[in-house]
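Numbered per full-length UniProt numbering, the sequence shown spans residues 1 to 786.
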Amino acid sequence: MAQLTDQLIAIISKASNQRQLSELEAHIPWLRKRVALFTDINDNELLDVVKFCQYVTCSADDVIVRQGEQGDRMYVLLRGSASVYIDPAMTGEESTTLVSGLQLQEEIKPGGLDRSIYGRFIMEYGVGESFGEAVLLGEDKIRNASVIANDDCQMMVVDQLLFDKALKSHEQQIQNEILNFLDCQPFFGRMSSKFKRLLQLSLKKVTFPANVAICKQGNLVASLYFVTKGEISIWTVPSYHQRQYPYLGLTNAGAYLLRHKSNDHQVGSTSLSTDLSTQSNVHSLRRKDAMSSSEKDKRINLCSVQSGEVVGDIEIAHRLDTYMSTVICTSETTAFKLDVKNLERIVGRRNPYVMEVLKQRVQEKLELRAGTHVGKDVPLLHYLMSHKAEDRLSSARTLSPIHVSKELPSRDVQIQHLLNKFMKGQAELIEPMVPGALIYKEQMQDRARIRANIRRRTTTRSMLVEAKRKIHHRQPRSRRAIMATLTFMSDKNADSNSQTVTHLKSHKPPDIDADDTSSERSTERDNIPKVSKPINKSKDGAETQEGENRLGKQVTFHLPELHPLDQTTDSRAKLRGQSLDASSNQRTALQDNKHSLADVDMAPEVAHGGQAKSADVYHKKEVPATSASPTRLPPLAKPELRKRPVQPEQRATDVSTGQPDFSMDDRVPNRSQGDTTEITDYQTSDTDLDDLENRMKTFLVLHCQGQSKMEIKLPRLRRYSDVIETTRMTPALRPGGKVWIKRMTCPFSTSSMKVTNHQHIRHHMIPHVTDKNDNLQQEIDFRLHH
Ligand SMILES: Nc1ncnc2c1ncn2[C@@H]1O[C@@H]2COP(=O)(O)O[C@H]2[C@H]1O
């Protein structure tokens, strides 16, 4: 064989005019037999080809033809092999491209050519096969695929002229046959012309002489054959199926069936003994390689079929990696061969219905064969028949036999696997000393990869958690926390009794630096009586939370010196000073002279207050506890809210605001001591003012006119701007003035004694705080009066 090839190469290496007819004729029969392309052409045409062809050689990794480039010749492999690669984007199968056709840069890696840039591996051409004919048949002369030499190749080259003269008509005829076949086949009839064209390029017409096997049981499933002419018989060795497909779990059922059937039917010369526990089976398991000769003898003839049969369809539909039977041509047979890669590429995702048709036909075929007399002896047929293709596919897909099966695949499969790896440049072509070493190695690599992934994922997650922990988030505070802060502030304020806490730098109690402010104002304190508490205490929790900036914007101004209070007040103030240090009980008891001032801008004409008339409203002095943390300012006249008596340990709560009333304790006595009153104010929000408007209406309804809330028409309060001069000693109030709501508490307010027609606490509005102490005096008088 090699000698004949050498002789032919020697002839075609010469110039065509030096090739002798006699030597050419001597090679014609051999060539016809050896090269599929020449099988059906006549002698004269073949002589022309040999006389006028060219001879070329190339080395491994040489790109013989390149997809997308123009070409004008075809090749016949005399020695060596070459692989076909297709970039699906260039054929229009997929939208993404791996490389841009003509600008393809060959990338030679240290380990060889990076073939992935040429697209997907499709198939391999070996000795006697030809490629590149499509460009000679087509009009655009554009190559449909790239063909790369796998090793040193020696080739016969047929150019366009020679092809037209000797081969074209024959090739054209084959193409027409393929087109006819595609139109007539139930599988491909519905395909678009684009995919039919791709199939046309992928299908190869093959002719098998009689007694030649199309495929052999145990060989890797590489192609699908559509038999168009001739007759074939199908043989199988059922006992071999167990080792062929260990992942199917055929063992017990198969063994049982075979053991019993083999007693009834003597198949072959030796009786079958396939029980796994028997000695013979242990023996067969030890020999995992190809089918043993004794097994070969046990083969059974499943059936004989004619044209129309598809070989390899059962295996493809059920994803069996090796052929389940041997198909032998009983007469010369012609078939169209479609490689599995081409099938996957063209049919797989784009034309799934083809697979559906195929599966359906496979199911019918299985039922037919399993039902025959001999078919009953083939457990695999029964297994496949009862397991729909899809059912088994899912598990088979996840458990690829070569990687997952605990048993090693057959030696053929291993060798083929090694070859595939070698062709991709991923393994040396040395058969491992230890059987299955390559597969074990792959398994270990897979596991290592999985472990690395898990580790990476874990690391990333833990790092994220750590990073998150480090990010400082300002947590929103709960209403309770805010109230605690306020209480703390009030305590601090009460303890220091310095009336100078004006800056709230932080909501957190420990951050409150009252010393700064007190020292800052110590000079003023000597001369001026101060009221240093924030007047607008009517912030609900939410507002306080958002009000850090607002608190930061607080401004202070000083009221002129007020007239001292009478002796009673003064003495109580002194008492109160002591009690602040003494006990909370005493402190609460002495909170009896409170002037709660809610300051808002208001139109002057309505800024006159009325004296509280409905004494019973406040009679019980039932106020919500401090810890109740009201969300909004409680309306002034909601008696039901004030039914709870003040607990001695609780701080008194300003009825008008619902907030702990700590400011006025200090303000009044300081006034009385002749200090300059310092009033601190906060910028108010629209919500605050709306709320206050409501509260004023309620107040008027309850204590003044007795009209309904709806009837009272108060002009809208003017919104307060923070432009207030803090340095002015006698600040004029801004246009519109302020409404001051005063709270008066009688000395007996803490006692549980109830006096008819008397209210211990009264509120009333005053238009503004003036230099003259008339109003205040009146208030004092009023208070003293009752
Ligand atoms: N899908 C395919 N499967 C196998 N061979 C192909 C396929 N497509 C193209 N070819 C061969 O690769 C050759 C590339 O050049 P041509 O297009 O001239 O001819 C092409 C065919 O001979």
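Where a beta carbon is used, it is the ideal one built from N, C-alpha and C, also for glycine.
Rounded to whole angstroms, the Cβ separation of A10 and G80 is 17 angstroms, and the two are not in contact under 8 angstroms. Spanning the alpha carbons of M444 and Q7 requires a straight line of approximately 49 angstroms. Around the beta-carbon of P246, 16 or more other beta-carbon atoms lie within 10 Å, marking it buried.
Distance between S169 and A437, taken at the CA atoms: about 51 angstroms. Per DSSP, C58 lies in no alpha helix (DSSP H) segment; the continuous beta strand (DSSP E) that holds it begins and ends at Q54 to C58. Its Cα nearest to that of N301, the residue V378 stands out among N694, N176 and V378.
With respect to the 7 angstroms criterion, K337 and Y225 are classified as neighbours on the basis of their beta carbons.
Remark: the C-beta of S81 is outside contact range of ligand 1, defined as less than 6 angstroms to any heavy atom. Residue environment analysis places R743 among the buried positions, since at least 16 neighbouring C-beta atoms fall within 10 angstroms of its C-beta.
One Cα belongs to I328, the other to M90, and the distance between them is close to 38 angstroms. R115 has its alpha-carbon roughly 48 angstroms from the corresponding atom of T372.
Across the set N342, G348, T485 and L700, the C-alpha of N342 shows the shortest separation from the C-alpha of Y85.
Counting the other Cβ atoms within 10 Å of the Cβ of T756 gives fewer than 16, which makes it exposed. The criterion of a C-beta distance shorter than 7 angstroms is not satisfied by T322 and K229. Going by C-alpha positions, E69 is about 25 angstroms away from V127. Rounded to the nearest whole angstrom, the C-alpha separation of V413 and A15 is 45 angstroms. Counting along the chain, the unbroken alpha helix (DSSP H) around Q3 starts and ends at A2 to S13.
In the three-state reduction of the DSSP assignment, R243 falls in the helix class. Within the model, the alpha-carbon separation for S223 versus L46 is close to 29 angstroms.
Between V147 and C53, the CB-CB gap reaches or exceeds 7 angstroms. Closest in alpha carbon position to E356, among F187, F699, L113 and L24, is F187.
According to DSSP, residue pairing for D159 in a beta bridge involves R73. For D690, there is no enclosing beta strand (DSSP E); the enclosing alpha helix (DSSP H) has its first and last residue at D686 to H703. One thing to note: S307 has its Cβ within 7 angstroms of the Cβ of V227. Annotation for L201 indicates a beta carbon within 6 angstroms of some heavy atom of ligand 1. Under a 10 Å Cβ-count criterion, A2 is classified as exposed, with fewer than 16 other Cβ atoms of the shown protein chains found around its own Cβ. For the pair I439 and Q426, the Cα-to-Cα distance works out to about 13 angstroms. When C-alpha distances from R345 are compared across R480, A134, L714 and D87, the shortest belongs to D87. Distance from the C-beta of F131 to the nearest heavy atom of ligand 1 is below 6 angstroms.
Annotation: the continuous alpha helix (DSSP H) that includes N180 extends over K168 to C184. Looking only at L380, A36 and A134, the smallest Cα-Cα distance to T236 is reached by L380.
Per DSSP, S83 is one residue of the beta strand (DSSP E) stretching across A82 to I86.
In the assembly as shown, S83 is a buried residue. Its beta-carbon has 16 or more other beta-carbons within 10 Å. Annotation for F422: the continuous alpha helix (DSSP H) segment containing it runs R411 to M423. Between the stretch 137-146 and the stretch 59-67, the count of C-beta pairs closer than 8 angstroms reaches three or more; the two stretches touch. Checking the 6 angstroms criterion, the Cβ of I122 is within range of a heavy atom belonging to ligand 1.
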